[in-house]
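Colleague: Residue numbers (the working numbering), protein chains in the order written: chain A, 534 to 644; chain B, 1319 to 1433.
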Amino acid sequence: KQEVTQIPAALSVPEGENLVLNCSFTDSAIYNLQWFRQDPGKGLTSLLLIQSSQREQTSGRLNASLDKSSGRSTLYIAASQPGDSATYLCAVGGATNKLIFGTGTLLAVQP
Amino acid sequence: GAGVSQSPSNKVTEKGKDVELRCDPISGHTALYWYRQSLGQGLEFLIYFQGNSAPDKSGLPSDRFSAERTGGSVSTLTIQRTQQEDSAVYLCASSVSGGAVETQYFGPGTRLLVL
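(1) Got a sec? Which residues, its chain only, sit under 8 Å from ALA628 (chain A) by beta carbon, not counting five neighbours each side?
(2) Going along the chain, which residues of its own chain have a beta-carbon closer than 7 Å to the beta-carbon of GLY1326 (chain B), five neighbours each way excluded?
(3) With contact counted as at least three CB pairs below 8 Å, one residue from each stretch, are the stretch 1403-1422 of chain B and the stretch 624-643 of chain A in contact?
(4) Under the rule that 16 or more other beta-carbon atoms within 10 Å means buried, what is ARG1354 (chain B), buried or exposed?
(5) Identify whether GLU550 (chain A) lies in helix, strand or coil by the three-state DSSP scheme.
(6) Tell me the DSSP secondary structure of GLY495 (chain A) in three-state form.
(7) Would GLN1368 (chain B) pass as an interface residue toward chain A - the criterion being a Cβ-Cβ separation below 9 Å?
(8) For LEU582 (chain A), write down the residues that DSSP places opposite it in a beta bridge.
(9) Per the contact definition of three or more C-beta pairs closer than 8 Å, is the stretch 1339-1352 of chain B in contact with the stretch 1391-1408 of chain B?
(10) If we cut at 9 Å on Cβ distances, does ASP1374 (chain B) have a partner in chain A?
(11) If distances are taken between C-alpha atoms only, which option among B:GLY1416, B:ASP1404, B:GLN1422 comes closest to LYS1333 (chain B)?
(12) Exposed or buried, what is ALA606 (chain A) when buried is set at 16 or more other beta-carbons lying within 10 Å of its beta-carbon?
(13) Could you say which of B:ASN1328, B:ASP1381, B:HIS1347, B:VAL1337 lies nearest to PHE1424 (chain B) if we only look at CA atoms?
(14) Does the CB of ILE540 (chain A) have a neighbour CB from chain B at under 9 Å?
(15) Using 10 angstroms around the beta-carbon of GLN539 (chain A), count the other beta-carbons present and answer buried if the total reaches 16, otherwise exposed.
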């Protein structure tokens, strides 16, 4: 059974720092890995989707990497801003894209 | 519509009552997913619809849960004889065709509280 874990569970950094969020999964037979952000009381917003054949994806200040064989992904956020404060979730998808979510990392960026 | 919409946004009910939660996916999206987010279990898959195919119900936690999708668009998740452990945020998502590399677009969720 696929299990997805995220470390750390919570993170507080001063504005401007670069930071890394980690995601690990137990079964490497995935079709994709996705990173989402969730703001309090709101739904999920897709940030990046990495196909299983890809190694990384970039969008603005965000860069996500995927090492399928070792069951790991990282989300790198450059020059963090207070507006980046949210819960970040990684999820792995199979053939029908049913997503299995990680436990989340609660990020607080202090101004 | 422009995005995935869900109603109601909040629902408080008494234990034992039935509830219906509604999801209106993005227009033209044939794939629709229901997930549940609870304090103890995190975010978990419930059910998946793709076009006219039989739905994947493998994530439904009990036979008190059911869902339908009429006309390939709007979906209703029904919970019968609600229990306190059903309290959670129920999230709906849609994608273009359910492909393995498609982005899923999530609605704002329905917050269900069972007293």
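Glycine included, each C-beta is placed from N, C-alpha and C at the ideal position.
Modeller: On the basis of the supplied data:
(1) Position 95 of the first sequence, counted from the start, is the residue given in the question as residue 628 (chain A). Sequence-distant Cβ neighbours of ALA628 (chain A) in its own chain, meaning closer than 8 Å and more than five residues away, are TYR564.
(2) Here residue 1326 (chain B) corresponds to residue number 8 of the second sequence, with the count starting at 1. Looking at the sequence itself, residue 1326 (chain B) is Pro, so the reference to Gly does not match. Taking C-beta separations shorter than 7 Å and ignoring five residues to either side along the sequence, the partners of PRO1326 (chain B) in its chain run THR1428, following chain order.
(3) They touch, by the three-pair rule.
(4) Residue 1354 (chain B) sits at position 36 when you count from the first residue of the second sequence. Flag for ARG1354 (chain B) reads buried.
(5) Mapped onto the first sequence, residue 550 (chain A) falls at position 17. In the three-state reduction of the DSSP assignment, GLU550 (chain A) falls in the coil class.
(6) Limits of chain A in this structure are 534 at one end and 644 at the other, which puts residue 495 (chain A) out of reach.
(7) Along the second sequence, one-based indexing puts residue 1368 (chain B) at 50. Cβ-Cβ to chain A under 9 Å: yes for GLN1368 (chain B).
(8) To locate residue 582 (chain A), count along the first sequence from 1; it is residue 49. Residue pairing of LEU582 (chain A) in beta bridges, as defined by DSSP: A:GLN567.
(9) The stretch 1339-1352 of chain B and the stretch 1391-1408 of chain B touch, with three or more beta-carbon pairs separated by less than 8 Å.
(10) Numbered from its first residue, the second sequence carries residue 1374 (chain B) at position 56. Answer yes: the Cβ-Cβ gap between ASP1374 (chain B) and chain A drops below 9 Å somewhere.
(11) Numbered from its first residue, the second sequence carries residue 1333 (chain B) at position 15. Nearest C-alpha to LYS1333 (chain B): B:ASP1404.
(12) Sequence index remark: in the first sequence, residue 606 (chain A) carries index 73 (1-based). Per the sequence shown, residue 606 (chain A) should be read as Ser rather than Ala. Under a 10 Å Cβ-count criterion, SER606 (chain A) is classified as buried, with 16 or more other Cβ atoms of the shown protein chains found around its own Cβ.
(13) Here residue 1424 (chain B) corresponds to residue number 106 of the second sequence, with the count starting at 1. Per the Cα distances, B:HIS1347.
(14) Along the first sequence, read from residue 1 onward, the residue named residue 540 (chain A) stands at position 7. False, the Cβ-Cβ gap to chain B never drops below 9 Å.
(15) The count along the first sequence starts at 1 and reaches residue 539 (chain A) at position 6. Here GLN539 (chain A) is buried, its C-beta having at least 16 other C-beta atoms within 10 Å.
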